[in-house]
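These notes concern the structure reproduced below.
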Ligand code: HEM
Ligand SMILES: *[C@@H]1O[C@H](CO)[C@@H](O)[C@H](O)[C@H]1NC(C)=O
Ligand SMILES: *[C@@H]1O[C@H](CO)[C@@H](O)[C@H](O)[C@H]1NC(C)=O
Ligand SMILES: *[C@@H]1O[C@H](CO)[C@@H](O)[C@H](O)[C@H]1NC(C)=O
Ligand SMILES: *[C@@H]1O[C@H](CO)[C@@H](O)[C@H](O)[C@H]1NC(C)=O
Ligand SMILES: *[C@@H]1O[C@H](CO)[C@@H](O)[C@H](O)[C@H]1NC(C)=O
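Residue numbers (this note's numbering): 492 to 824.
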């Protein structure tokens with residue numbers, strides 16, 4: 492029915508319906524993530540996270556890497572719902588135990604933060620939000636850019652190693668495969684190159700580096716021929732063939748969030764196959780060169796990409812739950 496055909500009374504009814512609908516939807520809108528989500532219910536949450544992350548990272552700057560990898564791996568599988576924190580149970584192999592989560596760090600530390608937050612305001616703040624805040628606070632603490640973290644994510648109750656294996660990028664992908672992996676999440680090649688810049692902090696085990704040194708393109712004993720010879724020699728000393736557990740720093744300044752990752756990659760010192768792969772494509776190479784320069788847009792673009800990542804496929808409103816313990820789903824009362 493066209494509005495022009497309405498009587499006055501009819502118009503009022505229509506207007507009223509729109510108004511009532513607005514009121515009805517109002518509370519739903521308030522449930523969508525926003526920057527002040529816990530202001531009324533747990534105003535201390537953000538400062539508790541910041542303080543505890545600050546303490547951990549001051550004691551061990553390399554550890555900053557743990558939180559941002561955790562956030563990435565959380566968001567890349569079922570969205571940012573804290574599912575990466577869940578423990579394997581007797582009838583389910585959790586995300587955490589997928590191959591892509593090899594040597595994932597930070598889970599017990601997130602637990603500690605959660606206990607402190609629960610002590611202040613029980614049952615209010617999600618584990619997924621704590622991970623998102625910790626990633627941002629850790630990066631800031633080691634000199635990286637900041638970004639706004641919207642809050643109000645709910646925690647998921649499903650976690651699957653198979654899904655982790657399907658979604659997480661393995662450190663043997665070539666440029667095209669990397670672009671494809673990020674495209675699945677609606678991220679551009681440019682955003683993929685920007686986010687790879689997170690490898691400016693943190694550490695790796697030899698497990699991640701071994702294919703680059705001893706199994707390039709799946710060929711036994713082949714080292715990536717483009718890898719800087721001196722750098723390759725140094726890596727092989729740190730990671731003798733067959734060793735999976737030794738740890739090494741991700742870049743030359745792994746306790747500081749800076750542009751050195753790109754400088755290393757452009758000089759053929761990318762640590763994983765996937766880092767070196769960024770300059771095997773002309774567009775990637777040009778981006779890496781540009782982000783390696785002083786006053787590049789790396790920090791700004793990194794922040795924007797982290798905001799986008801942090802909002803992937805969120806559970807909101809009454810979806811999921813607010814987990815009591817980050818490693819376990821709540822048991823029904
Ligand atoms: C582009 C595809 C990516 C691949 C193939 C990849 C692969 C890896 C691997 C193999 C490790 C070492 C794991 C081990 O200890 O053995 C690692 C560590 C790390 N990754 Fe990535 N990654 C990728 C993208 C990202 C992104 C997008 C971020 C964050 C925005 C990120 C952040 C980190 C950090 C900070 C570490 C160090 C973790 C720590 O210190 O515990 N990575 N990554
Ligand atoms: C943010 O979310 C909270 C909790 O649902 C709500 O009370 C508040 O009004 C929202 N704030 C904004 C600016 O939307
Ligand atoms: C979770 O699982 C790991 C094994 O992957 C185990 O060592 C750990 O104790 C479990 N965490 C808790 C809180 O039970
Ligand atoms: C990517 O975008 C498409 C189209 O807008 C959408 O259907 C899909 O859910 C998005 N994927 C993710 C992971 O957000
Ligand atoms: C080398 O790579 C191939 C192909 O990805 C794989 O099948 C093989 O198991 C790898 N070898 C080692 C020693 O990791
Ligand atoms: C390497 O680490 C794995 C997993 O943490 C462990 O099971 C294995 O025993 C370690 N191997 C050596 C040689 O230390």
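Cβ atoms here follow ideal geometry from the backbone N, Cα and C, with glycine treated the same way.
The C-beta distance from residue 696 to residue 593 rounds to 7 Å, short enough to meet the 8 Å contact threshold.
Under the rule that a run must span 3 or more residues, the beta strand (DSSP E) segments found entirely inside the segment 673-715 read 694-696. In this structure the segment 788-807 lies against the segment 560-572, because at least three pairs of beta carbons, one per stretch, are closer than 8 Å. Per DSSP, reduced to three states, the secondary structure at residue 592 is helical. Look at residue 642 here: in three-state DSSP terms it is strand.
A Cβ-Cβ contact shorter than 8 Å links residue 702 with residue 663.
Exclusion of residue 707 from the 7 Å shell around ligand 1 follows from its C-beta lying no nearer than that to any non-hydrogen atom of the ligand.
Going by DSSP, residue 738 is part of the beta strand (DSSP E) stretching over 738-740.
If only uninterrupted alpha helix (DSSP H) runs of at least 4 residues are considered, those enclosed by the segment 544-605 are 555-566. When the five nearest sequence neighbours on each side are left out, the beta carbons in the same chain lying within less than 6 Å of the beta carbon of residue 535 are those of 611, in order along the chain. DSSP, read as helix, strand or coil, puts residue 658 in helix. For residue 783, the enclosing alpha helix (DSSP H) has its first and last residue at 773-783. Going by beta carbons, residue 811 and residue 645 fall inside the 8 Å limit. In this chain, the alpha helix (DSSP H) harbouring residue 622 covers 618-632.
Not one heavy atom of ligand 3 is found less than 7 Å from the C-beta of residue 736. In the DSSP assignment, residue 525 falls outside any alpha helix (DSSP H), carrying neither H nor E.
According to the DSSP assignment, residue 721 belongs to the alpha helix (DSSP H) that extends over 720-729. A residue is called buried once 16 or more other Cβ atoms fall within 10 Å of its Cβ, and residue 786, having fewer, is exposed. As computed with DSSP, residue 812 is found in a beta bridge with 646. Between the segment 720-730 and the segment 772-792, the count of Cβ pairs shorter than 8 Å is below three; the stretches do not touch.
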